[in-house]
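Below is one structure, written out as structure tokens, with a few remarks after it.
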Amino acid sequence: MHKKQDLAWQRAQKRARLKKKTGNLIVSGILFLTAFLISMPLILLICGSLKGTDELKSALGPVLSDMDAMVEFKLFPKYPTLRHWIELLFDKPEYYVVFINSLKIVAGTLLGQMIIGVPSAWAFARFSFPGRKLLFTVYISLMMMPFSVTMLSNYLVLKDLSLLDNLWGIILPGVFSTFPVFIMYRGFCGIPKELLEAAKVDGAGEFQVFFHIGLPLGSAGIGSALVLGFLEYFSLIEQPLAFLKDRSLWPLSLYLPQIGLSDAGFAFAASVMGLIPAVFVFLLGQDYLEKGIIATGMKE
Amino acid sequence: MKGSMKSLTGFKSILQNKKKLKRTPWKEVFIFLFPGFAGVCLFVLVPFGDVVRRSFSTAVTGEWSGLSNYKMILNNQAFLLAAKNTLRFMGICLPLLIAVSLFLAYELSKSRYMKLLKSLYLLPMAIPAAAVVLVWKLLFDRQGILNALWEPFLSEPVDYMGTNAAFWVLVISYIWKNLGYTVILWLAGIMGISEGIIDAAKVDGAGERTCFFRIILPNLKPTLYTITVLSFLNSFKVFREAYLVAGAYPHESMYLLQHLFNNWFLNLDMDKMAAAAVLTAGVMLVFILILQALWDRKDV
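Residue numbers (the working numbering), protein chains in the order written: chain A, 1 to 300; chain B, 301 to 600.
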């Protein structure tokens with residue numbers, strides 16, 4: 001009697017476990033499928049950059065001309081070649097110009113944000129003075145405004161300072177962006193108060209506390225701001241589009257879209273090359289990036 | 301537990317903690333904060349004041365014209381279309397993104413492959429818009445990859461960029477780009493819920509579903525708030541993809557406020573731009589303050 005019941009119970013358990021296992025398998029399937037679809041554009045780009053010119057021409061023909069056929073875009077190249085990469089690296093000097101423009105914008109902006117933004121963030125996180133709350137509210141509201149809203153005011157000030165058609169006209173407004181201040185503020189808030197007070201009791205001044213405790217312990221927040229900033233300013237489009245008429249100043253992000261499919265192999269290679277720095281920073285700084293994303297949303 | 305996470309704008313209680321701090325001498329406040337604040341004034345606040353003044357003046361003579369600029373844009377067909385599309389875009393994208401990412405994050409939190417999948421989901425954040433334009437063009441062309449894949453099942457190829465489908469292309473590219481960081485935020489929220497509570501509920505006989513709806517979901521309210529704000533802000537950036545793929549005058553279903561601002565800027569329609577910028581900033585500010593007030597009331 002008992003044995004029978006036991007057996008039935010065991011069978012029911014087994015069935016439940018099996019059901020759970022299939023359920024898990026389906027969920028894992030969905031998770032991986034989503035990941036695959038998300039990475040698809042990247043895979044397409046890399047594979048495209050390794051295809052021969054003829055293969056691309058015949059595959060993309062329908063998109064290029066108005067033929068009444070569909071593209072035949074096979075994922076993997078029939079005869080992989082590095083031709084377009086060699087062309088990109090050795091025959092296209094203008095590519096270096098736009099690439100370096102992009103790097104100048106990123107480097108200038110981030111450097112400025114460190115010099116200007118880090119002390120601001122420290123002041124908001126650690127100082128106490130009248131008007132602090134109001135000022136911080138202003139900073140937060142500013143960081144939330146889309147570029148469309150600030151476009152005209154941005155233009156007016158750049159015109160007055162004669163910074164239109166000048167890389168500084170892109171860099172300087174970025175330096176005073178309030179978003180990195182907010183991210184680093186979050187990082188500085190996480191430093192235990194006791195530590196800072198102990199340092200002050202021992203006779204350290206504001207500056208010593210800032211340099212010897214604040215910077216090292218707030219480095220995660222600073223790292224997050226740098227990674228988020230790199231990704232943002234490396235793919236900047238609206239600002240250069242509006243304020244840079246001179247094509248020799250254009251960054252990569254304006255140059256790439258206008259290559260066109262008639263030079264598809266080069267377009268693919270140039271696109272892949274253009275995302276390498278960003279993906280590199282992403283891979284190096286993924287922990288910082290995640291911390292930064294979380295810091296945008298939460299306290300401690 | 302519940303108050304362990306604070307949102308972006310729910311900084312009231314963070315600030316209250318600081319009240320115990322001694323007043324910082326003005327000299328230090330000045331040194332740390334002034335350079336940044338001066339820059340913010342110079343590049344944002346003062347020129348925006350000028351924009352507000354312009355929104356009440358005529359474009360050419362600069363005479364006071366009262367609300368006539370505002371009346372003009374509110375009767376402007378392009379403005380109404382763009383505002384409608386922008387609202388529709390947000391109304392569809394935000395709930396979709398929030399629901400899909402919550403599902404993925406919840407399943408991911410139980411998955412063995414969390415770290416790998418998380419990185420893959422986050423990858424699009426690092427890929428500059430300009431680098432994937434090529435893929436978008438190939439995918440959504442009338443003779444492009446998607447139509448080639450569907451060809452056996454459809455009688456007519458879909459003209460993705462030339463019909464109302466263009467709107468959905470925009471939705472897809474927004475979800476693609478933003479899924480990763482939303483998943484990260486949800487994950488942080490889910491991981492922040494102590495396992496003790498869930499285990500206790502399970503011992504009491506609560507099933508998976510009960511746990512999710514009765515424990516996990518209510519605890520994610522603060523995260524939901526954050527995600528809503530951030531996704532709202534990032535929804536403005538979809539203009540990058542839209543502009544690069546379809547140009548300044550795309551199909552009217554995807555003509556957004558950002559397109560309109562850009563085109564007014566190119567035509568030097570300063571009066572319209574000023575009024576629209578002030579109006580948009582006002583709406584954003586009200587939105588931000590309402591959310592903040594809701595937040596603080598619930599939380600304190």
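Ideal Cβ placement from N, Cα and C applies to all residues, glycine included.
Residue nearest to residue i in terms of C-alpha spacing, selected from the options
i, options, result
"A/L156", "B/G366, B/F348 and B/Y406", "B/F348"
"B/P522", "B/P428, B/W476 and B/L485", "B/L485"
"B/P676", "A/Q13, A/E238 and A/F243", "Since the displayed chain B opens at 301 and closes at 600, residue 676 of chain B lies outside it and no answer follows."
"A/A295", "A/I222, A/I259 and A/L236", "A/I222"
"B/W364", "B/K371, B/M372 and B/S355", "B/S355"
"B/N563", "A/M151, A/L60, A/S58 and A/L50", "A/M151"
"A/L226", "A/S128, A/L195, A/R126 and A/V175", "A/V175"
"B/F587", "A/K4, A/T178 and A/M144", "A/M144"
"A/D165", "A/P240, A/P192, A/F179 and A/G229", "A/P240"
"A/D246", "A/P93, A/V97 and A/W9", "A/V97"
"A/M184", "A/Q10, A/L110, A/H84 and A/P77", "A/L110"
"B/L566", "A/F243, A/A278, A/K14 and A/S248", "A/F243"
"A/E290", "B/L557, B/V529 and B/K418", "B/K418"
For residue i, three-class secondary structure by DSSP
i, result
"B/E364", "The question names Glu, but residue 364 of chain B in the sequence shown is Trp. Looking at B/W364 - three-state DSSP - the assignment turns out to be strand."
"B/S357", "strand"
"B/I590", "helix"
"A/M273", "helix"
"B/V458", "coil"
"B/Y549", "coil"
"A/I259", "coil"
"B/S307", "Because B/S307 carries a pLDDT of 46, less than 50, the predicted location of this residue cannot be relied on, and the following value inherits that uncertainty. In this structure, B/S307 counts as coil in the three-state DSSP scheme."
"B/F532", "helix"
"A/A198", "helix"
"B/N478", "helix"
8 Å Cβ cutoff, residue i in contact with chain B
i, result
"A/P41", "yes"
"A/G52", "no"
"A/T109", "no"
"A/G274", "yes"
"A/E94", "no"
"A/V97", "no"
"A/G218", "no"
"A/I171", "no"
"A/G214", "no"
"A/A12", "no"
"A/G117", "yes"
"A/L256", "yes"
"A/S235", "yes"
"A/Q239", "no"
"A/M151", "yes"
"A/V27", "yes"
Start and end residues, alpha helix (DSSP H) containing residue i
i, result
"A/C189", "F179 to C189"
"A/K51", "Looking at the DSSP string, A/K51 is not in any alpha helix (DSSP H), and its letter there is neither H nor E."
"B/I493", "From DSSP, B/I493 is part of no alpha helix (DSSP H); its letter is neither H nor E."
"A/M309", "One cannot answer for residue 309 of chain A here, as it falls past the ends of chain A, which runs 1 to 300."
"B/I331", "W326 to V340"
"B/Y555", "That residue, B/Y555, is in no alpha helix (DSSP H); it is neither H nor E in DSSP."
"A/R126", "V118 to R126"
"A/E87", "R83 to F90"
"B/N385", "Q377 to S409"
"A/W168", "L167 to V175"
Any chain A beta carbon closer than 8 Å to residue i
i, result
"B/S411", "yes"
"B/W476", "yes"
"B/L420", "yes"
"B/V344", "yes"
"B/L544", "yes"
"B/L397", "no"
"B/M570", "yes"
"B/P335", "yes"
"B/R388", "no"
"B/A431", "yes"
"B/K437", "yes"
"B/P347", "yes"
"B/F379", "no"
Segment contact, 8 Å Cβ cut-off, at least three pairs: the segment 527-544 of chain B with the segment 444-454 of chain B = Because the criterion of three Cβ pairs below 8 Å is not met, the segment 527-544 of chain B and the segment 444-454 of chain B do not touch.
Is it true that the segment 543-550 of chain B meets the segment 461-473 of chain B, where meeting means three or more beta-carbon pairs spaced less than 8 Å apart?
-> Because the criterion of three Cβ pairs below 8 Å is met, the segment 543-550 of chain B and the segment 461-473 of chain B touch.
Does the segment 565-576 of chain B touch the segment 503-516 of chain B, meaning 3 or more C-beta pairs lie closer than 8 Å?
-> Contact between the segment 503-516 of chain B and the segment 565-576 of chain B is absent, because fewer than three Cβ pairs lie under 8 Å.
Touching by the beta-carbon criterion (3+ pairs, under 8 Å), the segment 120-135 of chain A and the segment 100-108 of chain A = Verdict: no, contact absent.
Is the segment 270-287 of chain A touching the segment 398-415 of chain B, taking contact as three or more C-beta pairs under 8 Å?
-> In short, these stretches do not touch, since the Cβ pair count stays below three.
Would you be able to state if there are at least three C-beta pairs under 8 Å between the segment 481-497 of chain B and the segment 415-422 of chain B?
-> Under the Cβ criterion (8 Å, minimum of three pairs), the segment 415-422 of chain B counts as touching the segment 481-497 of chain B.
Spell out a yes or no on whether the segment 250-269 of chain A and the segment 43-52 of chain A are touching, meaning 3 or more CB-CB pairs, one atom from each, closer than 8 Å.
-> Contact check between the segment 250-269 of chain A and the segment 43-52 of chain A: three or more CB pairs, one atom from each, fall below 8 Å, which counts as touching.
Is the segment 550-570 of chain B close to the segment 379-393 of chain B, with three or more CB pairs under 8 Å?
-> Flag = yes, the segment 550-570 of chain B and the segment 379-393 of chain B touch.
At least 3 beta-carbon pairs within less than 8 Å: the segment 179-189 of chain A vs the segment 248-260 of chain A | Too few Cβ pairs lie closer than 8 Å, so no.
Quick check: the segment 398-405 of chain B against the segment 5-12 of chain A, are there 3 or more CB pairs under 8 Å?
-> Per the Cβ contact rule, the segment 398-405 of chain B is not in contact with the segment 5-12 of chain A (fewer than 3 Cβ pairs under 8 Å).
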